[in-house]
Amino acid sequence: MLLYKQRKIQIQKKEEAGQELSNFEKQNKDEQRQKKRALDKRKSVILSEFIFPGLANLTVFLEYARSQELREEFDKDLQALFLATSSIPPQNKDTVFERFMSSLLSVSEEKSVIVNNKKGGRMQFTDFRFILYDMIQKEIWKMIIWAAPLKFDEASFCNSVVYPDIGRAVSWMALLATEAYSKGLNFDRNGRPVKF
4 MLLYKQRKIQ IQKKEEAGQE LSNFEKQNKD EQRQKKRALD KRKSVILSEF
54 IFPGLANLTV FLEYARSQEL REEFDKDLQA LFLATSSIPP QNKDTVFERF
104 MSSLLSVSEE KSVIVNNKKG GRMQFTDFRF ILYDMIQKEI WKMIIWAAPL
154 KFDEASFCNS VVYPDIGRAV SWMALLATEA YSKGLNFDRN GRPVKF
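According to my numbering, numbering within the sequence shown proceeds without interruption in unit steps and concludes at 199.
Spelled out as structure tokens, the structure:
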């Protein structure tokens, strides 16, 4: 995938800098377009044959593994999958799950847009990752609503401290994700339909 991205960037730079291309490169511009199409096709194959089916399989597996019988059978395997650290030098000390989450959720500053208003400006977060953060925050909220009364004996503590605190966190994240929900989703829903 890195090689794909590097080649695509090289081709884009050459196309964008058309006036700087040599005569030889100008003559071979069609060849460059063909290479770009081949790289786009390769990207499609990687996503369609490996990435999308892999995530679909993992999602369905985890949905089945929620049952008590399968938890007992697969919990150690899931711990090994998500909580292990790399054994390949140079070793990354983060767990696989930390690396996955960090990579998935790294927000691009370029996807944020300043909107002028009377007070000077307001940041709009349109990166789709804010939607993912919002979804994760809601799952954390569900877990705390379930776990807090089991952990803390006093209902008044849950009602006066825990629930308002997590409620505020959910509200703040939903507010930060507002523009992402309305302006950040631009994928072709029919181009890659979810079939599971």
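Backbone N, C-alpha and C fix where the C-beta goes; we use that ideal spot for every residue, glycine too.
| message | Suppose contacts are defined by Cβ-Cβ distances below 8 Å. Is Asp80 in contact with Ser111 by that definition? | response | When the beta-carbon positions are compared, Asp80 and Ser111 stay at least 8 Å from each other.
| field | Leu135 and Leu108 closer than 8 Å at C-beta | value | For Leu135 and Leu108, yes; Cβs fall inside 8 Å.
| said: If you measure between the beta carbons of Phe133 and Ala59, is that distance less than 8 Å? | reply: The answer is no: Cβ separation not under 8 Å.
| Which residues share a DSSP beta bridge with Thr181? | BP columns for Thr181 are empty, so no partner.
| query | Roughly how many angstroms separate the alpha carbons of Ile49 and Leu42, rounded to a whole number? | reply | Between Ile49 and Leu42, the C-alpha separation is close to 10 Å.
| task | Report, in whole angstroms, the separation of the C-beta atoms of Gln140 and Val173, which I expect to be a contact under 8 Å. | result | Contact between Gln140 and Val173 is confirmed by a C-beta separation of about 5 Å, below the 8 Å threshold.
| field | For Met104 and Lys2, the rounded distance between their alpha carbons | value | Look at the range of the chain in this structure, 4 to 199, and you will see that residue 2 is not part of it.
| message | By the DSSP assignment, the alpha helix (DSSP H) with Val99 in it spans what residues? | response | Per DSSP, the continuous alpha helix (DSSP H) segment holding Val99 begins and ends at Val99 to Leu107.
| message | Can you give me the C-alpha to C-alpha distance between Leu73 and Tyr67, rounded to a whole angstrom? | response | Between Leu73 and Tyr67, the alpha-carbon positions lie close to 7 Å from each other.
| query | Unbroken alpha helix (DSSP H) runs of length 4 or more, entirely within the region 143–187: which are they? | reply | At a cut-off of 4 residues, the continuous stretches assigned as alpha helix (DSSP H) that sit fully inside the region 143–187 are 166–179 and 181–186.
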